[in-house]
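Protein chains in written order, with our numbering: chain X, 1 to 173; chain V, 174 to 275. Glycine included, every Cβ here is placed at the ideal spot set by N, Cα and C. Okay, structure first, notes after.
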């Protein structure tokens, strides 16, 4: 096998793993199983980022999504007693047929549009981006977005704690 | 590899996230669907950065980094809201979630 064929085979494997995780999250009944299949999707996306040459973003994806968001989702499921399966309840909402039709239509529209677009088919060599240059860009040209994101994260942290804090009424119930 | 397979994977992932957000009953799973849609957008950003004309400017990659940070903030606030709503009404079922006034 040529290296290009091996590369294509590995890409297909990772893509199928990523999409299968998302599909399992859409269809599984137990919420903890949904969260674990979501972790598979996040890991597959991290591998795709690494294969595209974005090492820093791939490792950030592993740290933020697998390390923080997935754990947060599992904690929220356990805190809301969602782990116990409710077999008598239908897991999909009342308008689920319309929802899936909308999702399939969106998928066909996107894929049809991008198959007709003139996309750059040839790629140059894999760009070698050092973490040093990312840091210099963040502290130089992108310092204003960086500060805004820092303020946003602080506000979101305080806001999440205040929203989830038990009130007097909540404790009395 | 070319750009098109990555964009097809991102489109399918976006559609799956949209399907989760529109069809599941549980509010936590709707948040998961929104996260999947954001991840699909990030994959598009990284793919266009890699196959674009000037990858040395790092624009798409840094955009994806900021997008990951915003998605983390969104997840924390959303899950905090779900927990507050659960404490109020003892359910996370969206079909019963008709009012948020305490």
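If you draw a straight line from the Cα of residue 64 (chain X) to the Cα of residue 220 (chain V), it is about 20 Å long. Residue 57 (chain X) places its beta carbon less than 9 Å from that of residue 215 (chain V). Taking 7 Å as the upper bound on Cβ-Cβ separation, chain V lies near residues 142, 145, 149, 152, 153 of the region 141-153 of chain X. Annotated as distal: residue 245 (chain V) and residue 163 (chain X), with beta-carbon spacing of 9 Å or more. At least 9 Å separates the CB of residue 6 (chain X) from every CB of chain V.
Residues of the region 22-47 of chain X that bring their beta carbon within less than 8 Å of a beta carbon in chain V comprise 22, 23, 25, 26, 31, 34, 35, 38, 41, 42, 45, in sequence order. 9 Å or more divides the Cβ of residue 188 (chain V) from the Cβ of residue 54 (chain X).
With 16 or more other Cβ atoms inside 10 Å of its own Cβ, residue 224 (chain V) counts as buried.
Sixteen is the threshold: when 16 or more other Cβ atoms of the shown chains lie within 10 Å of the Cβ of residue 60 (chain X), as they do, the residue is buried. Below 8 Å, too few C-beta pairs join the region 135-146 of chain X and the region 195-211 of chain V to call them touching: fewer than three. Not one beta carbon of chain X lies nearer than 9 Å to the beta carbon of residue 272 (chain V).
Residue pairing of residue 199 (chain V) in beta bridges, as defined by DSSP: V:266.
When the beta-carbon positions are compared, residue 202 (chain V) and residue 31 (chain X) come within less than 9 Å of each other. As DSSP reads the structure, residue 92 (chain X) sits in a beta bridge with V:197.
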